[in-house]
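Participant: If you read the protein sequences in the order shown, they are chains A and B.
Numbering-wise (the working numbering), the first sequence opens with residue 2 and increments by one.
Numbering-wise (the working numbering), the second sequence opens with residue 8 and increments by one.
Input: one structure, supplied below.
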Amino acid sequence: MNRQIARLMYVALALVGVLVVMTTYWQTWAAAGLADRQDNAIKRVAEFSVDRGLVFSWQPRKRLARNVERAVGGKTLFFRRYPQGILAAHVVGYSTVGRSRTGLERSLNDYLTASNANLSTLVDKALDELRGKPVEGNNVVTNIDLDAQEVALEELGTRCGAVVALDPRTGKVRVMASSPGFDPNLVEEGFDRISQVTADCTPGAPLLNRASAGLFVPGSTFKVITAAAALESRKFTPESTFVDPGYCTVYGKRVNNFDTSRPFGTIDLSSALAYSVNSVFCNVGLKLGAKQILDTAKRFEFYERPPLETPADERLPSGLYQRGSLYYPRLDSDVDAGRMAFGQERMLVTPLQMAMVAGAIGVGGKLVEPQVVDRIVAPGGRVIRVERPVLIRRAVSADTANAVAAMMRIGVERGTGTAAQIPGYSIGGKTGTGETGVPGSNTTWFIAFASRDEESPAELAIAVVLQNQSGTGGSTAAPIARAVMQAILSRTENP
Amino acid sequence: MTARNRELLGLVVASLIAGVALASVTISREAQVSAAAVAWGAMFLGLYLVAHVVARRAVPYADGALLPLTAVLTAFGIAINYRLDPEDGGRQALWVAIGVAVLAATLIWLRHDYRVLESYRYLFGVAAVGLLLLPSVPGLGERVNGVRLWVHVGPLQFQPGELAKICLIVFLAGYLREKREVVAQGRLKDLGPLLAIWGAAMLVIMQTNDLGSALLNFGIFLAMLYVATGRALYVGAGLALFVGGAGLLYTALQHVQDRVTIWLHPWTDERVYCAVNGQLELRQDCASYQLVKSLYSIANGGFGGTGLGEGTFASTDGTPLIPYLRTDFVYSAIAQELGLIGAAALLLVFMLFVVRGMRVALRAQDGFSKLLAAGLTFGFALQTFIIVGGVLRVVPLTGITLPFVSYGGTSIVANFLLVAGLLLVSNRANEPGASFR
C-alpha cells in the first residue's frame, strides 16, 4: 500500500500547493485590478485611515478638499470635507465611505493616499507606518480659478449647462463648471437633498459633469470645424463667394437659415461664418463630403476621449452618435454632410471638446492637452509631479487657423457674437443654436478665444453651453462667456 | 533527541508564536505592550504541556511534530478570532482546551491497542451516515445560509458533519482492510458498497444542500479506496460518477446552480435578478457579495499584510463587510492581516502536517493502521483545500471549516480526535520491535 500512500501524499500536497499559488495570484497579480474596482468596499474603507492629500484651487489658493479626523473603534480615520461646497464639485468629485469615488478623488486616488509608485512617497509611507503615524497622502494643486468658477456657476444659475475655460497655450483648465451642481458634503448623508435640485431640465442629473461628460448638439459652433476643413482642402478661401437663397437643398429637402426672411444674397465665407449662414455651410459640406469634415474634426481630437486628469468615464468623446454609441461613417453617402456642416445630423459634442477647438484656432492651430492639475506635492512640500504643456498635434495649418480666427473675430465685432466683446481684448467667437426638435428647448452655445490683439496668440478659450433655451447662442451663452472671460482676464492683468 | 523532547521544543516555539500573535493584536488595539501576551503564551504552553505529558505516558514513541504543528494552527486560530472579536477568541481558546482534553482522554483510552475500533467498523459506518443526515431531521436541524449543517439539542449546538468525517474514516479503514482483495477484483457484487456510498453522498447533498461535506466525504472515500486496492480505475470511475451525479443535481437543484454561477462569474457588468431583495442588482452586490468581498480582503493584504489588528473588515460605522468571517472566510481575514507571507506560512504548516501524517501511514505496519492514518491525513488536506480553494475561487465555495483555525467547537474537537488517531498509529509503528509483532 505504500506506493499508493506516497502518491496520495503528493496529491494532498499538490492540493495545498494550488492554494499557495492562488493566494499569490490574488495578492500580487490580481491585487491592483481588484483595488481599482468601484465596489471594493474593503479598499475604500481601508483608505480612510490615510491622512488623505488635500486638493487646492489655483487662485485664490483655497482648499477644495480637506480632512476631519474622527476616532472610530480606537483608530483615527480621516473623513473628507469640501469647504468650497458646490464650487468645484464636479472636478474634485467626492470620496465617501458609502459610495464609490468620483472626479479627481477617484483618478488621483493613488497620489492622494500615497500609494503611487514613487520612491520618495514609498519611503515616507514606510516611515509613517513604522512610527505608527497615519500615512499622509500627497497634495494636489489644480488649475481652477475659483473666482471665475464662481462667476460661471452664478451666471448659469438654475439653467442647465456647462462652462469650460482654458489657457490654449498651456492647456491649463481655469473653469470647469456644470449646472445643476451638487454639494459633495451631502453625498455621504443627505443624498436625497442632492437629487431634489431645482433645474430647468429633466432629469437634472446634478452629479453629471456636463462640461466633459455631457453630449450636446453643437449647432453652428461646428461651422468652425467645417470652415477649417474647407480652407485645409484648398477648395475654398475666406473670400470664396456664395449666393445665399436663404436655404439649401439636401436630398430634395430645404434646409433653412435661422432667419429665412432675410437672405444674405451674395456673401463670402468669412461673413458666412460671422453671420452664421446655414445655407453656405450646407453647400460647403456637400462639396467637401462628410468624411473630409470628420477627418478635420478628428485632428481636433474628436472621436477620442479628451485627455484630462479626471476619470475616463467622466469624459466622453465627441463625434457622430448612432443609437447611443460613437459612429464613424463608412461612406460619405452614409451621412448628410450638408446638415452636419452646420452642426446637426447626429453630431454630439462636449463643452470641453469645443473649448479645445476654439483654443487651437486661437493659437494658430496647435492643439494642447487640457490639464486640470497643476502639480502634485508631497506632504513635506517636495514637488512630485508638475504638469507641463503637452502638444497633442497641430490640428490645422497656421494659415487656416489664423484665417478662421479672423472670421470668428468678425463674428464678435459685428456678427452674431457681439455680446461677448471685452474692451482691451480681441475676442473671436462663434455662436451656436442646436435644434433639438422641440420648440423653445434649443441647445445654445458660445465658443470663443481672447487675445491681447489680433496678432498675438489667444491666452484664453471658452465654451459655454445651455440647455432648453428659447433664445439664441448670441443672446444667452455669449454674455456668460464674457463674464467668465473677464473674471479670468482681470486676474492676468493685475496678478 | 527523542520524539517527545522534539515535541516539547516544538511546543515551546508554538507558544512563542501564540504569545507574539496575541501581543501584536493588543498592541494594535491598545497601542501598548501588555503583560497579558506573556501570560497568554505561558497559559498556551501549559495547556499543551498537559497533552505532552499524557503523550509521554500513553504514546511515548508517537511522531513528535504533529502536536507542535497542531499547536501552531490553533495559535493562528485563537489569535485571528481574538482579533476579530475578543470574546470569540476566549471561547475558541476554551474549545482548544476541551479539544486537548478530548485528545488526552482518547490517548489514554486507546493507549494499549486502538485497533479494537476495527471491530466496531459497521457501528462507525452507521454513525457516519446518521450524523450526516442529522441536520435534516425536523426539529433538530437548522438551515443557515440555505445549507443544513447545524443541530440544536437544547442549548447545545454542533455540526455533526465534522464528527461524521472521523467516523467514516474509521469505518472505511476497517471495511477496506477486510475487503480490499475482493474489492480489487472488481466484481459487481463487491462494488455494491461503493455505489451505496456514492448514493448516500448524493442523498446528503439533496437533504442538506451541503455540497462541501459531500465532496469531502466522497473524496476521502475515493482516496482510501485507492490506497486499499491500488486501482486508479476506481478513482476515475468514482470521480466520473460524482461529476455525473453532481451534473444531474446541478440541473435539478437551484442552490447548486447558484453556487456554480457565483464561482464562474462573480462579477457582472449588467444588473441581474437578485434573489435576496427581488430586484435587479450587479451580482457582486448580491449573490456573490461574500466571495467578492473576501477576495478584496485577500487582495488588500498584499505581500506583507496590514498587520494583525490593522486589517479592514468593517465599514467606518462598524458594519461588517464580510459575513461569516470567523468561520468560512477566516482565511481571507488571515490573508489580509498577515499578507502573502503569513498566508503562505499557514499553508506551509498545513503541508508539513500532511507530510507528517502520510509518513505515519507509510511507517504503519498493518492495513487498518495504514488506511486509518492515510484517510485521516487526506481528509485533513482535502478539507483545507475545499474551504480555502472556495475562498480563493479555485472551486465553488461551500461552507466548511478550516481545520483548527475557523471558529467553532465541533470542528476543533473533531480535529483533535484526528490528531489523536495519528499519534496512536505512529506510536504503534515506532514502538521498539514493532516490526516483529
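For glycine and all other residues, C-beta sits at the position ideal for the given N, C-alpha and C.
None of these values were measured; they are calculated from a predicted model.
Against chain A, does S304 of chain B count as a neighbour if the rule is that its beta carbon must be under 8 Å from one of theirs?
Facilitator: As a first step, residue 304 of chain B must be located in the second sequence, where it is residue number 297. Residue-level contact by beta carbon holds for S304 of chain B and chain A, with a gap shorter than 8 Å.
Participant: Which two residues bound the contiguous beta strand (DSSP E) that contains E70 of chain A?
Facilitator: Stepping through the first sequence from its first residue, residue 70 of chain A is reached at position 69. From DSSP, the beta strand (DSSP E) with E70 of chain A extends over R64 to V73.
Participant: Express the C-alpha separation of D201 of chain A and F183 of chain A in angstroms, rounding to a whole number.
Facilitator: The count along the first sequence starts at 1 and reaches residue 183 of chain A at position 182. The count along the first sequence starts at 1 and reaches residue 201 of chain A at position 200. F183 of chain A and D201 of chain A: Cα-Cα distance of roughly 15 Å.
Participant: Using the rule of at least 16 other Cβ atoms within 10 Å of the residue's Cβ for burial, across every protein chain shown, is G115 of chain B buried or exposed?
Facilitator: Taking the second sequence and counting its residues from 1, one reaches residue 115 of chain B at position 108. The question names Gly, yet the displayed sequence has Ile at residue 115 of chain B. That one is exposed.
Participant: Just reading off the alpha helix (DSSP H) that N434 of chain B is part of, what are its end residues?
Facilitator: Position 427 of the second sequence, counting from 1, holds the residue named residue 434 of chain B. Counting along the chain, the alpha helix (DSSP H) containing N434 of chain B begins and ends at G416 to N437.
Participant: I need the DSSP call for A273 of chain A, collapsed to helix, strand or coil.
Facilitator: Here residue 273 of chain A refers to the residue found at position 272 of the first sequence. A273 of chain A: helix per DSSP, three-state reduction.
Participant: Could you check if L117 of chain B is buried or exposed, using at least 16 other CB atoms within 10 Å of its CB as the buried criterion?
Facilitator: Walking along the second sequence from the start, residue 117 of chain B turns up at place 110. Per the 10 Å Cβ criterion, buried.
Participant: Mapping the DSSP letters down to three states, classify L332 of chain A as helix, strand or coil.
Facilitator: Taking the first residue of the first sequence as 1, we reach residue 332 of chain A at position 331. Coil at L332 of chain A, not helix or strand.
Participant: Using a threshold of 8 Å, state whether the C-beta atoms of I545 of chain A and L157 of chain A are closer than that.
Facilitator: Look at the range of chain A in this structure, 2 to 496, and you will see that residue 545 of chain A is not part of it.
Participant: Using a Cβ-Cβ cut-off of 8 Å, state whether L347 of chain B counts as contacting chain A.
Facilitator: Along the second sequence, read from residue 1 onward, the residue named residue 347 of chain B stands at position 340. Yes, its Cβ sits closer than 8 Å to a Cβ of chain A.
Participant: Any idea which residues DSSP pairs K288 of chain A with across the strands?
Facilitator: The residue you call residue 288 of chain A lines up with position 287 of the first sequence. According to DSSP, which records beta bridges pairwise, K288 of chain A is partnered with nothing at all.
Participant: Apart from the five residues on each side of it in sequence, which residues of its chain come closer than 6 Å, Cβ to Cβ, to P1 of chain A?
Facilitator: With chain A covering 2 to 496 only, the question about residue 1 of chain A has no answer from this structure.
Participant: Could you give the residue range of the beta strand (DSSP E) that holds A294 of chain B?
Facilitator: Numbered from its first residue, the second sequence carries residue 294 of chain B at position 287. It is not in any beta strand (DSSP E) - A294 of chain B carries neither H nor E in the DSSP assignment.
Participant: By the DSSP assignment, the alpha helix (DSSP H) with F249 of chain B in it spans what residues?
Facilitator: Counting from one through the second sequence, the residue named residue 249 of chain B turns up at place 242. A239 to A259 is the span of the alpha helix (DSSP H), which, as asked, contains F249 of chain B.
Participant: Would you decide whether A112 of chain B is buried or exposed? Buried here means 16 or more other CB atoms lie within 10 Å of its CB.
Facilitator: Taking the second sequence and counting its residues from 1, one reaches residue 112 of chain B at position 105. Under this definition A112 of chain B is an exposed residue.
Participant: Answer yes or no: do T401 of chain A and E233 of chain A have a C-beta to C-beta separation smaller than 8 Å?
Facilitator: Taking the first sequence and counting its residues from 1, the one referred to as residue 401 of chain A is at position 400. Taking the first sequence and counting its residues from 1, the one referred to as residue 233 of chain A is at position 232. Taking 8 Å as the Cβ cut-off, T401 of chain A and E233 of chain A qualify as a contacting pair.
Participant: By the criterion of Cβ-Cβ separation under 8 Å, what are the contact partners of Q28 of chain A in chain B?
Facilitator: Looking up residue 28 of chain A in the first sequence gives position 27. In chain order: I305, A306, G308, G309, F310, A342, G346, L347 and A350.
Participant: If we cut at 8 Å on Cβ distances, does L20 of chain A have a partner in chain B?
Facilitator: Your numbering for residue 20 of chain A matches position 19 in the first sequence. Using beta-carbon distances, L20 of chain A counts as an interface residue toward chain B, with a partner under 8 Å.
Participant: Please name the residue or residues paired with V485 of chain A in a DSSP beta bridge.
Facilitator: On the first sequence, residue 485 of chain A is found 484 positions in, with the first residue counted as 1. Residue pairing for V485 of chain A: DSSP places it in no beta bridge.
Participant: Could you tell me which chain B residues have their CB closer than 7 Å to the CB of N41 of chain A, listed as they occur along the chain?
Facilitator: Sequence index remark: in the first sequence, residue 41 of chain A carries index 40 (1-based). Near N41 of chain A (Cβ distances below 7 Å), the residues of chain B are Y303.
Participant: Got a sec, what are the start and stop residues for the beta strand (DSSP E) S180 of chain A sits in?
Facilitator: Position 179 of the first sequence, counted from the start, is the residue given in the question as residue 180 of chain A. V174 to S180 is the span of the beta strand (DSSP E), which, as asked, contains S180 of chain A.
Participant: Give the interface partners of G325 of chain B over in chain A, defined as CB-CB distance under 8 Å, in chain order.
Facilitator: As a working mapping, residue 325 of chain B is identified with position 318 in the second sequence. Neighbours of G325 of chain B on chain A, chain order: V73 and G74.
Participant: Cα separation between T456 of chain A and P380 of chain A?
Facilitator: Translated into positions along the first sequence, residue 456 of chain A becomes position 455. Translated into positions along the first sequence, residue 380 of chain A becomes position 379. Looking at the sequence shown, residue 456 of chain A is not Thr but Glu. Straight-line Cα distance between these residues: approximately 43 Å.
Participant: Within its chain, find whatever has a CB closer than 8 Å to the CB of S22 of chain B; leave out the 5 residues flanking it on each side and keep chain order.
Facilitator: On the second sequence, residue 22 of chain B is found 15 positions in, with the first residue counted as 1. Within the same chain, S22 of chain B has close Cβ partners G48, A49, F51, L52, Y55, A78 and A82.
Participant: When DSSP builds the beta bridges, which residues end up paired with K431 of chain A?
Facilitator: Indexing the first sequence from 1 puts residue 431 of chain A at position 430. Under DSSP, K431 of chain A takes part in a beta bridge, and its partners are A:I448.
Participant: Using a 10 Å radius around the Cβ and a threshold of 16 neighbouring Cβ atoms, would you call P496 of chain A buried or exposed?
Facilitator: Counting from one through the first sequence, the residue named residue 496 of chain A turns up at place 495. Because P496 of chain A carries a pLDDT of 49, less than 50, the predicted location of this residue cannot be relied on, and no value is offered for it.
Participant: Tell me whether K126 of chain A is buried or exposed, calling it buried when 16 or more other Cβ atoms sit within 10 Å of its Cβ.
Facilitator: As a working mapping, residue 126 of chain A is identified with position 125 in the first sequence. K126 of chain A should be labelled buried.
Participant: Look at G433 of chain A and G220 of chain A and say whether their C-beta atoms are less than 8 Å apart.
Facilitator: Locating residue 433 of chain A in the first sequence gives position 432, counting from the first residue. Locating residue 220 of chain A in the first sequence gives position 219, counting from the first residue. Taking 8 Å as the Cβ cut-off, G433 of chain A and G220 of chain A qualify as a contacting pair.
Participant: Would the region 300 to 316 of chain A count as touching the region 436 to 449 of chain A if we require 3 or more Cβ pairs under 8 Å?
Facilitator: no
Participant: Under 8 Å between the Cβ atoms of A388 of chain B and V17 of chain A?
Facilitator: Here residue 388 of chain B refers to the residue found at position 381 when the second sequence is read from its first residue. Here residue 17 of chain A refers to the residue found at position 16 when the first sequence is read from its first residue. A contact, by the Cβ cut-off of 8 Å.
Participant: Using a C-beta cutoff of 8 Å, does Q297 of chain B count as contacting chain A?
Facilitator: Here residue 297 of chain B refers to the residue found at position 290 of the second sequence. Not one chain A Cβ lies under 8 Å of Q297 of chain B.
Participant: Residues in its own chain within less than 6 Å of A134 of chain B by CB, not counting five upstream and five downstream?
Facilitator: Position 127 of the second sequence, counted from the first residue, corresponds to residue 134 of chain B. Closer than 6 Å at the Cβ level, and outside the excluded window around A134 of chain B, lie C174.
Participant: If you count every other CB in all the chains shown that lies within 10 Å of the CB of H119 of chain B, and 16 or more means buried, which is it?
Facilitator: The residue given as residue 119 of chain B occupies position 112 in the second sequence. Counting every other CB atom within 10 Å of its CB across the protein chains shown gives H119 of chain B a total below 16, marking it as exposed.
Participant: With a CB to CB cut of under 6 Å and the five nearest residues on each side skipped, what residues in its chain are close to A273 of chain A?
Facilitator: Residue 273 of chain A sits at position 272 when you count from the first residue of the first sequence. Contacts found: V281.
Participant: Can you tell me whether L16 of chain B is buried or exposed? The criterion is at least 16 other CB atoms within 10 Å of its CB, across all chains shown.
Facilitator: In the second sequence, counting from the first residue as 1, residue 16 of chain B sits at position 9. Result: exposed.
Participant: Show which residues of chain B have a CB atom less than 7 Å away from the CB atom of F49 of chain A.
Facilitator: Taking the first residue of the first sequence as position 1, residue 49 of chain A is located at position 48. The answer, in chain order, is T323.
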